[in-house]
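>
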Amino acid sequence: MSEVSIGQAIFTSIKPLTKIAALAGCGALFARKGILDVATCKSMASVVINGFLPMLIFASTITSFSLDNVTEAGTVVLSAAFFIAFGFVFGILVRFLTPVGGWKMGIIANNMWSNNADLVIGITSTMSQTKPFGNVGDYEKGVSYSVIMGVFAFLTLYSMGGIQMMRRDFDRRPSQDDTEAQKEKKKEDPVDEPVERSREAEASRNQLPEYEEKDLSRTTGMMALAKSTSLDVNVPPQVEVMGRTREKVMSIIKVFATIPTIALLSALVIAIIPQLRALFVPTTRVEMPTAPDGKPPLDFVIQFASYGGQLSPVMGLAMLGAALSRITVRHLPKGFWMSIAATCFLKLIVGPILGILWIQGLKHTPLINDDQLMMQLVIAITGAMPSATSQVYITTLYAPDDAPEVSQLSAMLLAQYSLIILTLPIVTSYTLLKVIPPQA
1 MSEVSIGQAI
11 FTSIKPLTKI
21 AALAGCGALF
31 ARKGILDVAT
41 CKSMASVVIN
51 GFLPMLIFAS
61 TITSFSLDNV
71 TEAGTVVLSA
81 AFFIAFGFVF
91 GILVRFLTPV
101 GGWKMGIIAN
111 NMWSNNADLV
121 IGITSTMSQT
131 KPFGNVGDYE
141 KGVSYSVIMG
151 VFAFLTLYSM
161 GGIQMMRRDF
171 DRRPSQDDTE
181 AQKEKKKEDP
191 VDEPVERSRE
201 AEASRNQLPE
211 YEEKDLSRTT
221 GMMALAKSTS
231 LDVNVPPQVE
241 VMGRTREKVM
251 SIIKVFATIP
261 TIALLSALVI
271 AIIPQLRALF
281 VPTTRVEMPT
291 APDGKPPLDF
301 VIQFASYGGQ
311 LSPVMGLAML
321 GAALSRITVR
331 HLPKGFWMSI
341 AATCFLKLIV
351 GPILGILWIQ
361 GLKHTPLIND
371 DQLMMQLVIA
381 ITGAMPSATS
391 QVYITTLYAP
401 DDAPEVSQLS
411 AMLLAQYSLI
421 ILTLPIVTSY
431 TLLKVIPPQA
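All letters in the sequence shown, in the order written, are residues 1 to 440 by UniProt numbering.
1. Count the CB pairs spanning the segment 282-294 and the segment 29-37 that are closer than 8 Å, and state whether there are at least three.
2. With T138 as the anchor, note down where its alpha helix (DSSP H) starts and where it stops.
3. Taking DSSP as the reference, what is the three-state secondary structure of S407?
4. Given a threshold of 16 other Cβ atoms within 10 Å of its Cβ, counted over all protein chains shown, does K434 qualify as buried or as exposed?
5. Measuring straight from C-alpha to C-alpha, what distance separates I123 and I327?
6. How far does the alpha helix (DSSP H) with T261 in it reach, from first residue to last?
7. Helix, strand or coil for S5? Go by DSSP, reduced to three states.
8. So, at 7 Å on beta carbons, what are the nonlocal neighbours of Q275 in its own chain, with the 5 sequence-adjacent residues on each side left out?
9. Would you mind sorting I353 into buried or exposed? The rule is 16 or more other CB atoms within 10 Å of its CB.
10. Contact defined as beta carbons within less than 8 Å: I believe S128 pairs with D118. What is the distance between those atoms, to the nearest angstrom?
11. So F170 and Y398 are in contact, right, with Cβ under 8 Å, and what is the actual spacing, rounded?
12. How big is the Cα-Cα spacing for F86 and A384?
13. CB-CB under 7 Å to V48, same chain, minus the five flanking residues each way: which ones, in chain order?
14. Can you name the residues that DSSP bridges to S114?
15. What residue ranges within the segment 79-116 form continuous beta strand (DSSP E) runs of no fewer than 3 residues, ordered along the chain?
16. Taking C-beta to C-beta, are L324 and P386 nearer than 8 Å?
17. Only counting the same chain, and skipping five residues up and downstream in sequence, which positions put a Cβ closer than 6 Å to that of V120?
18. Go to T399, then tell me how far its alpha helix (DSSP H) extends in each direction, as first and last residue.
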């Protein structure tokens with residue numbers, strides 16, 4: 001169906017992977033040298049989320065969207081929700097049909113949330129300059145579609161229950177040492193067990209439980225994570241019913257009032273109001289006085305945001321390589337290889353097939369036209385993405401020391417990111433040859 005030959009499709013599909021591998025390799029090298037340690041990557045992530053990513057979102061959204069095509073954003077959000085939905089189904093299948101040990105909710109989250117931002121931006125930014133793309137605005141459109149996918153995944157993971165889902169595997173779980181000690185104590189002195197229980201119950205009224213310190217550290221860690229990804233909102237103390245209600249409302253606002261979300265919403269508002277959009281980019285709808293250089297009055301804002309936003313995928317890929325280089329697999333539950341094989345098959349083979357079928361189905365609706373090449377490419381690539389590496393930090397935050405779930409997640413990510421070297425070029429080549437229609 002496409003004007004691209006098989007050789008061109010294969011070369012075009014492999015070319016972005018070399019750039020991604022090089023940047024991720026640099027991140028892995030810096031991590032091995034001790035430059036990109038965990039603390040540094042955490043600081044970099046905060047800078048990207050609160051600085052460079054909002055710049056990228058703001059510039060690409062205003063440039064790509066207008067009152068004429070703003071419905072495309074809705075199509076992208078709908079597609080992102082579709083991918084998370086079938087990821088949930090994949091997770092349920094793996095959870096109940098394969099041996100996952102205690103990693104019950106984490107395996108579902110691993111199937112639901114993929115690396116929808118950095119990898120997709122890295123691929124589309126390269127492919128937008130080659131056939132059948134290369135038109136004016138293709139790069140901005142590809143980046144804009146990708147960041148909308150990423151923001152939606154960000155909101156659902158951090159603000160709509162994703163973290164709580166992964167935490168449930170570790171809530172109130174006694175450590176292995178405590179369990180063995182209790183069993184040994186029961187064997188040695190079973191008669192005094194009721195007396196000891198009553199003493200422990202009496203003591204618990206007068207002193208804090210042992211796990212409080214660890215729970216406090218985890219809570220503090222999550223507060224720091226939330227603070228790095230959201231705006232500071234002052235919440236009044238819980239004194240009366242009205243105070244508690246207001247606190248709940250403010251907590252909800254704080255959850256959704258992230259800087260990337262605000263950047264996206266404000267950019268969409270500017271994009272759909274012609275008078276505002278004309279301040280930033282040239283438009284035929286409104287006659288706007290130009291600056292002395294002949295550009296729109298606020299063109300320098302777009303230039304600044306575009307320039308700074310280019311650092312977001314670069315730093316993201318470097319942190320991806322650093323995260324993968326630190327992954328270690330120590331011990332896995334018996335038969336867990338079946339869970340790895342099932343997840344890789346569902347996410348990297350069945351997922352892309354469903355993504356392509358989704359595109360073909362949307363073509364029979366007003367949501368996608370044949371000439372929207374970049375949207376079709378972004379949706380197809382997003383459906384072929386592996387799991388998000390941010391799950392490593394979230395799982396490590398809640399998991400006890402030497403928890404098998406951390407090794408399970410590590411093995412899962414290593415398998416997926418190794419396989420995309422083969423699966424991703426196949427999906428991209430098929431999309432170029434069979435999904436995207438030929439252009440006159």
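Using N, Cα and C, we set each Cβ at its ideal position, and we do this for glycine too. Model, not experiment: these values are computed from the prediction.
Let's see:
1. no
2. As a first step, residue 138 is located in the sequence shown; it is residue number 138 there, counting from the start. Correcting the residue type first, residue 138 is Asp in the shown sequence and not Thr. That run of the alpha helix (DSSP H) goes D138 to Y158.
3. The residue given as residue 407 occupies position 407 in the sequence shown. DSSP places S407 in helix when its eight states are reduced to three.
4. In the sequence shown, residue 434 corresponds to position 434, counting from 1. Flag for K434 reads exposed.
5. Numbered from 1 along the sequence shown, position 123 holds the residue referred to as residue 123. Numbered from 1 along the sequence shown, position 327 holds the residue referred to as residue 327. Approximately 24 Å between the Cα atoms of the pair.
6. Locating residue 261 in the sequence shown gives position 261, where the first residue counts as 1. I259 to I272 is the extent of the alpha helix (DSSP H) around T261.
7. Residue numbering aside, residue 5 sits at position 5 when the sequence shown is read from its first letter. In the structure shown, S5 sits in coil (DSSP, three-state: anything other than H, G, I, E or B).
8. Indexing the sequence shown from 1 puts residue 275 at position 275. Result list for Q275: V286, in chain order.
9. For the purposes of this step, residue 353 is taken as residue 353 along the sequence shown, with counting starting at 1. That one is exposed.
10. By 1-based counting over the sequence shown, the position of residue 128 is 128. By 1-based counting over the sequence shown, the position of residue 118 is 118. About 16 Å; that fails the 8 Å criterion.
11. Here residue 170 refers to the residue found at position 170 when the sequence shown is read from its first residue. Here residue 398 refers to the residue found at position 398 when the sequence shown is read from its first residue. Sure, about 4 Å apart at Cβ, within 8 Å.
12. The residue you call residue 86 lines up with position 86 of the sequence shown. The residue you call residue 384 lines up with position 384 of the sequence shown. C-alpha separation (whole angstroms): 12 Å.
13. On the sequence shown, residue 48 is found 48 positions in, with the first residue counted as 1. Only S312, M315 and G316 meet the Cβ criterion.
14. The sequence position of residue 114 within the sequence shown is 114, counting from 1. Looking at the DSSP assignment, S114 forms a beta bridge with S387.
15. none
16. Position 324 of the sequence shown holds residue 324. Position 386 of the sequence shown holds residue 386. Their beta carbons are not under 8 Å apart, which means L324 does not touch P386 by this criterion.
17. Along the sequence shown, one-based indexing puts residue 120 at 120. For V120, where only same-chain residues beyond five positions count, the Cβ hits under 6 Å are S146, I381 and T382.
18. To locate residue 399, count along the sequence shown from 1; it is residue 399. A small correction: the amino acid at residue 399 is Ala; Thr does not occupy that position in the sequence shown. Segment: none, A399 is in no alpha helix (DSSP H) and carries neither H nor E.
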